[in-house]
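Q: Residue numbers (the working numbering): 152 to 319.
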Ligand code: IMP
């Protein structure tokens, strides 16, 4: 499978159109989750018409003793999200555990006016959460993909199309 650059661009434009109409007259604060979302976030915000700002966060993952196995900590968030219309920007939502942790941490610390999720890619077959992904670019099967910011061991983020990593 390969998702072409034109498919990706078209889908990002669709997301931007929907956000532009949903948030007309409101100010948006995009919260982009690094590293993978840097390219999608850059493409998306350039198509946004309402007043907006963007800030970047990272998720530090380490082995824990939770039922999900891995503790994910949100780092680098310096913005006050109270009263803001926040859109989380993800490169890909797979199991949704990362998204679940981010949502939990944001909601336990702040009271945003609204919070939505935009993800370039979504793997519905792997998804284990019930949080709505409000703006999905492309749904994909349960394969590991690289390109357009997504990596395999740090490589492949620069690919202009999205490819499935071949299994041995
Ligand atoms: P989740 O917590 O299982 O939803 O996984 C989210 C994170 O795993 C993403 O933000 C990516 O960093 C990484 N990830 C999941 N699937 C892929 C993939 O197919 N390619 C590259 N990274 C992936």
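Each residue gets a CB set at the ideal place from its N, CA and C atoms; glycine is no exception.
1. Which residue's Cα is closest to the Cα of residue 262: 280, 240, 205, 236?
2. Pick helix, strand or coil for residue 251, following the three-state DSSP scheme.
3. Three or more C-beta pairs closer than 8 angstroms, one from the segment 198 to 214 and one from the segment 289 to 296: is that the case here?
4. What's the gap between the Cα of residue 157 and the Cα of residue 289?
5. When every heavy atom of the ligand IMP is checked, does at least one fall within less than 6 angstroms of the C-beta of residue 244?
6. For the beta strand (DSSP E) that contains residue 273, what are its first and last residues?
7. Which whole-angstrom value describes the C-beta separation of residue 154 and residue 313, a residue pair presumed to lie in contact below a C-beta threshold of 8 angstroms?
8. Suppose you measure from the CA of residue 181 to the CA of residue 287; what does that come to, to the nearest Å?
9. So for residue 279, helix, strand or coil by DSSP?
10. Identify the residues that DSSP records as bridge partners of residue 207: which are they?
11. Could you name the residues that DSSP lists as bridge partners for residue 156?
12. May I ask you to report which of helix, strand or coil DSSP gives residue 231?
13. Can you tell me whether DSSP reads residue 195 as helix, strand or coil?
14. Tell me which same chain residues have a C-beta within less than 7 angstroms of the C-beta of residue 264, skipping the five on either side of it?
15. For the candidate residues 225, 281, 240, whose alpha-carbon lies nearest to that of residue 257?
16. Are residue 281 and residue 241 touching if we call contact CB-CB under 7 angstroms?
17. Note the first and the last residue of the continuous beta strand (DSSP E) segment covering residue 239.
A: Considering the structure as presented:
1. Position 111 of the chain shown, counted from the start, is the residue given in the question as residue 262. Cα-wise, what sits closest to residue 262 is 236.
2. Residue numbering aside, residue 251 sits at position 100 when the chain shown is read from its first letter. Residue 251: helix per DSSP, three-state reduction.
3. Touching, no, given that fewer than three Cβ pairs across the two stretches are closer than 8 angstroms.
4. Against the chain shown, residue 157 aligns to sequence position 6. Against the chain shown, residue 289 aligns to sequence position 138. Their backbone Cα atoms lie some 12 angstroms apart in a straight line.
5. Start at 1 with the first residue of the chain shown, and residue 244 comes out as number 93. For the ligand IMP, at least one heavy atom lies less than 6 angstroms from the Cβ of residue 244.
6. Translated into positions along the chain shown, residue 273 becomes position 122. Residues 265 to 273.
7. Walking along the chain shown from the start, residue 154 turns up at place 3. Walking along the chain shown from the start, residue 313 turns up at place 162. Taking the Cβ atoms as the reference, residue 154 lies roughly 4 angstroms from residue 313, within the contact range of under 8 angstroms.
8. The residue you call residue 181 lines up with position 30 of the chain shown. The residue you call residue 287 lines up with position 136 of the chain shown. Looking at the two C-alpha atoms, the distance is approximately 15 angstroms.
9. Within the chain shown, numbered from 1, the residue matching residue 279 stands at position 128. In the structure shown, residue 279 sits in coil (DSSP, three-state: anything other than H, G, I, E or B).
10. By one-based count along the chain shown, residue 207 stands at place 56. Answer is 183, bridged to residue 207.
11. The residue you call residue 156 lines up with position 5 of the chain shown. Per DSSP, none; premise fails for residue 156.
12. Against the chain shown, residue 231 aligns to sequence position 80. Coil at residue 231, not helix or strand.
13. Position 44 of the chain shown, counted from the start, is the residue given in the question as residue 195. Here residue 195 sits in helix by DSSP.
14. Here residue 264 refers to the residue found at position 113 when the chain shown is read from its first residue. If we look at residue 264 and ignore the five residues flanking it on each side, its Cβ neighbours are 234, 235, 236.
15. By one-based count along the chain shown, residue 257 stands at place 106. Per the Cα distances, 225.
16. By 1-based counting over the chain shown, the position of residue 281 is 130. By 1-based counting over the chain shown, the position of residue 241 is 90. For residue 281 and residue 241, no; Cβs fall outside 7 angstroms.
17. To locate residue 239, count along the chain shown from 1; it is residue 88. That run of the beta strand (DSSP E) goes 236 to 244.
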